[in-house]
Each structure stands twice: as C-alpha cells, then as structure tokens.
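Residue -15 is where the sequence shown starts when you use my numbering, and the numbers rise one by one after that. Let me begin by presenting the structure, written as structure tokens, before commenting on it.
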Amino acid sequence: MTTNEDGSVRPFALPDNYSQTAILVLGKQAPAEHLDNEALLEREKAPRVRLPLAEIVIAGLPAA
C-alpha cells in the first residue's frame, strides 16, 4: 500500500487523475407499483442502460 501526501492510506495504485468510488446498496427491492410518483414509476420500469465493464473497470495496472 502507498500513502497520500496527507498520510492517509492509498490501497490501490491508481493514477493521480483517477479517484476511488464505491457504492453499496443494502436492502430488498420493493415492487415498482409502490411508487406514488408517475415519473418515478416510469423511470423504474424503463430498460436499464449500463456502460460496458471495459469502459468503467481498470485492470492490469501494476501496484506501486
């Protein structure tokens, strides 16, 4: 592991122009019909559009 200038731990050797981001969702998805807002209901039922993993995952960077 490396450290940042402020001494905080930097667990991954990411280039300086990258930042670490994590999202964790816990819970159970409720039926879409429970939404009381028509716009939210429409958005919830719309097809999911996601970027290909090759565009969002970094692989093969050597560790520092």
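Every residue, glycine too, gets a C-beta built ideally from N, C-alpha and C.
- Looking at the DSSP output, VAL(-7) shares a beta bridge with THR(-13).
- For ALA43, there are no CB contacts under 8 Å within the same chain when 5 residues up- and downstream are skipped.
- LYS29 sits in a helix when the DSSP states are folded into three classes.
- Between LEU25 and ALA14, the C-beta spacing is not below 7 Å.
- Judged by DSSP in its simplified three-state form, ALA14 adopts coil rather than helix or strand.
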